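Below: one structure, written as structure tokens.
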Amino acid sequence: MTINFYAPCIIGSSVRVYIRTLLKINIFCTCNFFFHIMSGSKRKTRSFERDIKEEPVAWKSFIKTLEKPNVSNRLLEYLCSLKHKTLLVCKKQKTHKKWLDTISNIWKKHPSARIQKLAKKSVDNYKKEQKSQAVVNFWKNVDDLQNKARLGEELFMIHFEGFSDLVRNRSNKKIHELEDSDETVSSSGSDSEKDNDSEEARYAHIIDLDNVANQMKPPFCSDDEWSSITSVTQKSTELPRHVEDQLGFYLKEFDIKKIRASYKSYTTTTPFTDLDEYTRRVFDYFLFCLENRPEYFSQRPANESTFRARFIEPIIEPFVFIFKDLMDLTWGEISSTSSATRRNFQLAEGKRRRIGSKADGIGSLVSIDDKELLIFELSGAPTRLPVRHSVDDKIKLDECLVDVLNNLLEEFKECSFELAKNLKVFGFQTEGFNCTISVSEIVGRGIYCRRTLSRFCLPTRVQDLYYLYDLFRTMFSFRNELAASLDIIQELKIAKTRKLKVDDPVGDYMLRLPPS
Numbered sequence: 001m002t003i004n005f006y007a008p009c010i011i012g013s014s015v016r017v018y019i020r021t022l023l024k025i026n027i028f029c030t031c032n033f034f035f036h037i038m039s040g041s042k043r044k045t046r047s048f049e050r051d052i053k054e055e056p057v058a059w060k061s062f063i064k065t066l067e068k069p070n071v072s073n074r075l076l077e078y079l080c081s082l083k084h085k086t087l088l089v090c091k092k093q094k095t096h097k098k099w100l101d102t103i104s105n106i107w108k109k110h111p112s113a114r115i116q117k118l119a120k121k122s123v124d125n126y127k128k129e130q131k132s133q134a135v136v137n138f139w140k141n142v143d144d145l146q147n148k149a150r151l152g153e154e155l156f157m158i159h160f161e162g163f164s165d166l167v168r169n170r171s172n173k174k175i176h177e178l179e180d181s182d183e184t185v186s187s188s189g190s191d192s193e194k195d196n197d198s199e200e201a202r203y204a205h206i207i208d209l210d211n212v213a214n215q216m217k218p219p220f221c222s223d224d225e226w227s228s229i230t231s232v233t234q235k236s237t238e239l240p241r242h243v244e245d246q247l248g249f250y251l252k253e254f255d256i257k258k259i260r261a262s263y264k265s266y267t268t269t270t271p272f273t274d275l276d277e278y279t280r281r282v283f284d285y286f287l288f289c290l291e292n293r294p295e296y297f298s299q300r301p302a303n304e305s306t307f308r309a310r311f312i313e314p315i316i317e318p319f320v321f322i323f324k325d326l327m328d329l330t331w332g333e334i335s336s337t338s339s340a341t342r343r344n345f346q347l348a349e350g351k352r353r354r355i356g357s358k359a360d361g362i363g364s365l366v367s368i369d370d371k372e373l374l375i376f377e378l379s380g381a382p383t384r385l386p387v388r389h390s391v392d393d394k395i396k397l398d399e400c401l402v403d404v405l406n407n408l409l410e411e412f413k414e415c416s417f418e419l420a421k422n423l424k425v426f427g428f429q430t431e432g433f434n435c436t437i438s439v440s441e442i443v444g445r446g447i448y449c450r451r452t453l454s455r456f457c458l459p460t461r462v463q464d465l466y467y468l469y470d471l472f473r474t475m476f477s478f479r480n481e482l483a484a485s486l487d488i489i490q491e492l493k494i495a496k497t498r499k500l501k502v503d504d505p506v507g508d509y510m511l512r513l514p515p516s
């Protein structure tokens, strides 16, 4: 993403070159500002005690959010702290106060994490501009300190106008109209809590059914509806009896040669089904690797692509063959078209189209213009697993699944909600050698639920072949859910063809995630 730091009124190549040379000046004014923003030390950002009683009414909800535990708002904290600093010169203090109000207004309409992300991009681009030879040469030739200070203030304004425009331009026209209407309501005397509720009602809410105790009820959700959503119980699935018998026959003894002999001698009185063939193919792959190259699994892979080729593709590729020509798989660091559709929703004229969030693999439906149905997210190879990588990837995956579901339901938005709510989309995430399959569905207006379908661990030793019981139990449960969703899609196609009018079309229930 490229950030334009120039004021819209500046035109002409010579002026642009001149402004570009300003990006080295006044290190104290600008670099020190961003040093405080991006500093990882909480001591620096919380070095003062805020008293909410002394704050004006407009700042109370702002500061309450900053005081929430486990919320990283260092950019906003620093902006708030500027109000309490008295050592700033008068002119500079006015400049800071102006942008304090600007960022405060932005904060009311956008998540704080999104503002931080854009601020970090601004810092990175600013540092790149500093390293240019033209800026260095220009800075050496400027001797007038007053001129430096004046140009520094201009740079400050140019830079943050670009940052502010970047945040505002991410909103579509519809959001701006809603914001204007909210401002009118608030000026007539409505309190800030109602404004926040109306703001939240515009966007989708994701409810994690695996952690119901820590979920917050959306403001537009009734108590009865919330109770029915959170009281859903997880259905347990059993491994098919014939598959369980097959694995039991293979794993009588944990000797690699005897396991191979059992595999070769296994027969049934009836022809192998698709599930039997899948079981034998996956089992043979792990057995072959442990039989011929035991170090192949004992040595942990160094990157995600190697990990995917060794462990994930041998499980997923034959699984997709069960569904014949209905699904197609694409591997690699690829952009999600569903996420791109949401990001470019009502794109302003002349604005560059944005790509969607990246996924490590995508399963798409061949029969519906390659609409996405399955998203893969590999949270680093086991040797390179940052502490928060898997948590961030889970949030990213859950949001992407909402985009996938909305993009899929867009084809059938005139169909009944009672039928469409049975449609599910799926996510596959790895954390080390642990794999999790999750499902997402729409359960109410703007309410999307995600839950874990099942988990399993990948075998890396002969003794770990018992993990295959959980692996096949998970994959066959996934197969049943996926087959049910494909059946729902067929019913939606028929309903769309008949063009029957319904009282509750699913299009009235769909909401998008906030801009990102």
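If you're matching positions, the sequence shown starts at 1 in UniProt numbering and goes up one per residue. Quick reminder that beta carbons are idealized off the backbone N, C-alpha and C, glycines included. Remember, it's a predicted structure, so these values are computed and weren't measured experimentally.
| query | Expressed to the nearest angstrom, what Euclidean distance is found between the alpha-carbon atoms of S213 and I207? | reply | For the purposes of this step, residue 213 is taken as residue 213 along the sequence shown, with counting starting at 1. For the purposes of this step, residue 207 is taken as residue 207 along the sequence shown, with counting starting at 1. According to the sequence provided, residue 213 is Ala. The question's Ser does not apply to it. Roughly 11 Å separates the two Cα atoms.
| message | Using a Cβ-Cβ cutoff of less than 6 Å, which residues in the same chain neighbour D393 once the five nearest sequence positions on both sides are dropped? | response | Along the sequence shown, read from residue 1 onward, the residue named residue 393 stands at position 393. Excluding positions up to five away in sequence, the list reads E377, S379.
| said: Please give the ranges of any alpha helix (DSSP H) in the region 384 to 410, keeping only runs that are unbroken, at least 4 residues long and fully inside the region. | reply: 389 to 409
| said: Helix, strand or coil for I355? Go by DSSP, reduced to three states. | reply: Sequence index remark: in the sequence shown, residue 355 carries index 355 (1-based). In this structure, I355 counts as coil in the three-state DSSP scheme.
| said: I'd like to know whether the C-beta of K264 is nearer than 8 Å to at least one C-beta of chain D. | reply: Although the question refers to chain D, the structure presented lacks it and comprises just one protein chain.
| the region 402 to 413 / the region 431 to 444 touching (three or more Cβ pairs under 8 Å) | yes
| query | Q234 by DSSP, collapsed to three states: which one? | reply | For this step, residue 234 is matched to residue 234 along the sequence shown. Q234 falls in the coil class under three-state DSSP.
| query | So Y467 and F478 are in contact, right, with Cβ under 8 Å, and what is the actual spacing, rounded? | reply | Taking the sequence shown and counting its residues from 1, one reaches residue 467 at position 467. Taking the sequence shown and counting its residues from 1, one reaches residue 478 at position 478. So it is not a contact: roughly 16 Å between Cβ atoms.
| field | Own chain residues within Cβ distance below 7 Å of K217, not counting five before or after | value | Taking the sequence shown and counting its residues from 1, one reaches residue 217 at position 217. Once the five neighbours on either side are set aside, the close Cβ partners of K217 are W226.
| Sorted by chain position, which residues of the same chain lie with C-beta nearer than 6 Å to F272's C-beta, five sequence neighbours on each side aside? | Translated into positions along the sequence shown, residue 272 becomes position 272. Nothing meets the Cβ criterion.
| message | Contact between the region 415 to 423 and the region 329 to 348 is defined here as three or more beta-carbon pairs at a separation below 8 Å; is this criterion met? | response | Too few Cβ pairs lie closer than 8 Å, so no.
| message | Classify S339: buried if its beta carbon has 16 or more other beta carbons within 10 angstroms, exposed otherwise. | response | Walking along the sequence shown from the start, residue 339 turns up at place 339. Buried.
| C457 - containing beta strand (DSSP E), residue span | As a first step, residue 457 is located in the sequence shown; it is residue number 457 there, counting from the start. Start and end: 447 to 457.
| Reduced DSSP category for L365 - H, G, I as helix; E, B as strand; rest coil | For the purposes of this step, residue 365 is taken as residue 365 along the sequence shown, with counting starting at 1. Strand, per DSSP.
| field | Whole-Å CB distance - S287 paired with R310, under 8 Å assumed | value | By 1-based counting over the sequence shown, the position of residue 287 is 287. By 1-based counting over the sequence shown, the position of residue 310 is 310. Before going further, note that residue 287 is Leu rather than Ser in the sequence given. About 14 Å; that fails the 8 Å criterion.
| message | Within 10 Å of its beta-carbon, does S231 have 16 or more other beta-carbons around it, so buried, or fewer, so exposed? | response | To locate residue 231, count along the sequence shown from 1; it is residue 231. Exposed, by the Cβ-count rule.
| field | Contact the region 486 to 502 vs the region 405 to 416: 3+ CB pairs below 8 Å | value | yes
| message | Quick check on DSSP: helix, strand or coil for Q429? | response | Reading the sequence shown from its first residue, position 429 is the one you call residue 429. Correct three-state label for Q429: strand.
| Would you say L290 and I256 are within 8 Å of each other, going by their C-beta atoms? | Within the sequence shown, residue 290 is the residue found at index 290, counting from 1. Within the sequence shown, residue 256 is the residue found at index 256, counting from 1. The answer is yes: Cβ separation under 8 Å.
| field | A204 beta carbon less than 8 Å from that of L397 | value | Counting from one through the sequence shown, the residue named residue 397 turns up at place 397. Counting from one through the sequence shown, the residue named residue 204 turns up at place 204. For L397 and A204, no; Cβs fall outside 8 Å.
| field | Boundaries of the alpha helix (DSSP H) in which M327 is found, first to last residue | value | As a working mapping, residue 327 is identified with position 327 in the sequence shown. Premise fails: M327 lies in the beta strand (DSSP E), 327 to 335, not in any alpha helix (DSSP H).
| message | Among the candidates G332, R461, V391, I395, whose CA atom is the shortest distance from the CA of E295? | response | Taking the first residue of the sequence shown as 1, we reach residue 295 at position 295. For E295, the nearest C-alpha among the options comes from R461.
| Given C435, which residues of its chain have a CB within under 6 Å of its CB, disregarding the five upstream and five downstream residues? | Mapped onto the sequence shown, residue 435 falls at position 435. Cβ within range, chain order: F456.
| task | For G356, count neighbouring C-beta atoms within 10 Å of its own C-beta (all shown protein chains included) and say buried if the count is 16 or more, exposed if not. | result | As a first step, residue 356 must be located in the sequence shown, where it is residue number 356. With 16 or more Cβ atoms within 10 Å of its Cβ, G356 is classed as buried.
| said: I'd like to confirm the pairing. Which residues does DSSP put opposite residue 518 in its beta bridges? | reply: The question about residue 518 has no answer, for the chain in this structure spans 1 to 516.
| task | Compute the Euclidean distance between the alpha carbons of V243 and L482, then round it to the nearest angstrom. | result | The residue you call residue 243 lines up with position 243 of the sequence shown. The residue you call residue 482 lines up with position 482 of the sequence shown. About 19 Å.
| field | V502 versus F412, Q463, P459, residue with shortest Cα-Cα distance | value | As a position in the sequence shown, residue 502 is number 502, starting the count at 1. The option with the nearest alpha carbon to V502 is F412.
| If you drop the 5 nearest sequence neighbours on each side, which residues of the same chain put their C-beta closer than 6 Å to that of R343? | On the sequence shown, position 343 is the one that residue 343 refers to. Excluding residues within five positions, the ones whose Cβ falls inside 6 Å are R354.
| query | Cα-Cα, which of T474, G507, Y448 is closest to T237? | reply | As a first step, residue 237 is located in the sequence shown; it is residue number 237 there, counting from the start. Comparing Cα positions, the closest option is T474.
| Going by beta carbon distance, what residues of the same chain come within less than 6 Å of L458, once the five residues before and after it are set aside? | Counting from 1 along the sequence shown, the entry for residue 458 is found at position 458. So the qualifying residues of the chain are F311, F433.
| query | Which stretch, first to last residue, makes up the alpha helix (DSSP H) that contains N303? | reply | Indexing the sequence shown from 1 puts residue 303 at position 303. Where N303 is concerned, there is no enclosing alpha helix (DSSP H), given that its DSSP letter is neither H nor E.
| message | Helix, strand or coil for T436? Go by DSSP, reduced to three states. | response | In the sequence shown, counting from the first residue as 1, residue 436 sits at position 436. Here T436 sits in strand by DSSP.
| Local Cβ density within 10 Å of S336, reported as buried at 16 or more and exposed below that | Residue 336 sits at position 336 when you count from the first residue of the sequence shown. Here S336 is buried: its Cβ has 16 or more other Cβ atoms, across all protein chains shown, within 10 Å.
| Which residue from D370, N480, F307 puts its Cα closest to that of C322? | Residue numbering aside, residue 322 sits at position 322 when the sequence shown is read from its first letter. According to the sequence shown, residue 322 is Ile rather than Cys. Taking only the C-alpha atoms, the option nearest I322 is N480.
| task | Just mark I375 as buried or exposed, buried being the case when its beta carbon has 16 or more other beta carbons within 10 Å. | result | Mapped onto the sequence shown, residue 375 falls at position 375. Classification of I375: buried, given that the 10 Å Cβ count is 16 or more.
| query | Can you pull the DSSP bridge partners for I206? | reply | As a position in the sequence shown, residue 206 is number 206, starting the count at 1. Partner(s): Y448.
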